[in-house]
Amino acid sequence: MKLTVYPPGFGEISGSPFAAKAIALMEMSGQAYELDVNPDPRKSPKKKFPVLQDGSQIIPDSDQIRDHLEAKYGVDFDAGLSAEQKAVSRMVIRTFEENVYFAIMASRWMDDDRWAVTKEAFFAGMPPVIGGFISNSVRKGVIKQCIAQGMGRHSEAEQVARVAKDVDAFATLLGDKPFLHGDRPTAADVSVVPMLRAQASFPKQNALGDLVAQNPALVAYIERGKEEMYPS
Ligand SMILES: N[C@@H](CCC(=O)N[C@@H](CS)C(=O)NCC(=O)O)C(=O)O
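Next comes the structure, spelled out in structure tokens:
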């Protein structure tokens, strides 16, 4: 199998939390795969990465990659969980992927000062003219999505306040357990760890990152997640 993802960024295995999630899914599946690193998603089926290629099958979207690994290879990312734990998992995944994610994007891509840092991290290796064209076109698309989804219409203070409630709720659910549902990472952790790491890793004026950095349990959780779920 071949997994296409964005390059590393901000010290993370990929600058994209969804790509980091897909890498963790592949690692935890125990299946052989190769990584294909590509900064330009415009030709991918949904104009986004990650994308998995398995023989002639092309699977875009991390959720569908999970479904594919479970259906074709018998992997169970929620092995041993009760129906209620699986339901909590689904809600947690949606909270981080459909709400927190957009605040991370708005923070990285909308504010001009932080955009300069994002651009340098994600596009610095590209030739200047084509790189400038691609980065501006991707930026435009990301801003459009943040506005359409709604997060990008809020002030930064409002965005951070909304995410703070989500992060606090997750910290409450996590409690003093190593992972959301016990000693081993399950599907929720595979989604949440990359999102919290994406929050924490941005190097400049990072109120979203402070929400993680100020909570020692979450700092320990994202380190544990990196150790257990990412390639060594
Ligand atoms: N629902 C998708 C989301 C993937 C996604 O949003 N990828 C972002 C990077 S984190 C992307 O490729 N954005 C490029 C764009 O929207 O132009 C998944 O789970 O894989």
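Residues 478 to 709 in the working numbering are what the sequence shown spells out, letter by letter. Note that CB positions come from ideal geometry on N, CA and C, so glycine has one too.
Spatial neighbours of M505 in its own chain (CB-CB distance under 8 angstroms, excluding positions within 5 residues in sequence) are listed in chain order as V552, F554, P662, V667 and M706.
For the pair A675 and G532, the Cα-to-Cα distance works out to about 31 angstroms. Exclusion of the five residues before and after Q626 leaves F579 as the residues of its chain whose Cβ lies within less than 7 angstroms of its Cβ.
Per DSSP, the continuous beta strand (DSSP E) segment holding P537 begins and ends at Q534 to P537. In the DSSP assignment, L657 falls outside any beta strand (DSSP E) and carries neither an H nor an E.
Out of I535, R639 and E489, the CA that lies nearest to the CA of T481 is found in I535. In the three-state DSSP reduction, K523 falls in the coil class, being neither helix nor strand. A distance below 7 angstroms between beta-carbons, with the five flanking residues on each side excluded, links Y510 to the following residues of its chain, in chain order: M478, K479, L480 and M503.
Rounded to whole angstroms, A497 and V670 show a C-alpha spacing of 9 angstroms. Going by C-alpha positions, V644 is about 12 angstroms away from V696. Here DSSP, grouped into helix, strand and coil, assigns T481 to strand. One thing to note: W586 has its Cβ no nearer than 8 angstroms to the Cβ of I607. Secondary structure at G486: strand, using DSSP grouped into helix, strand and coil.
Of all C-beta pairs linking the segment 535-547 to the segment 642-656, fewer than three are shorter than 8 angstroms, placing the two stretches out of contact.
Inter-residue distance for P527 and P537 is about 6 angstroms (C-alpha atoms, whole angstroms).
DSSP places L558 in the coil class of the three-state scheme, outside both helix and strand. Look at Q534: its beta carbon is at least 7 angstroms from all of the heavy atoms in ligand 1.
Taking non-hydrogen atoms of ligand 1 into account, the C-beta of D589 is found less than 7 angstroms away from none of them.
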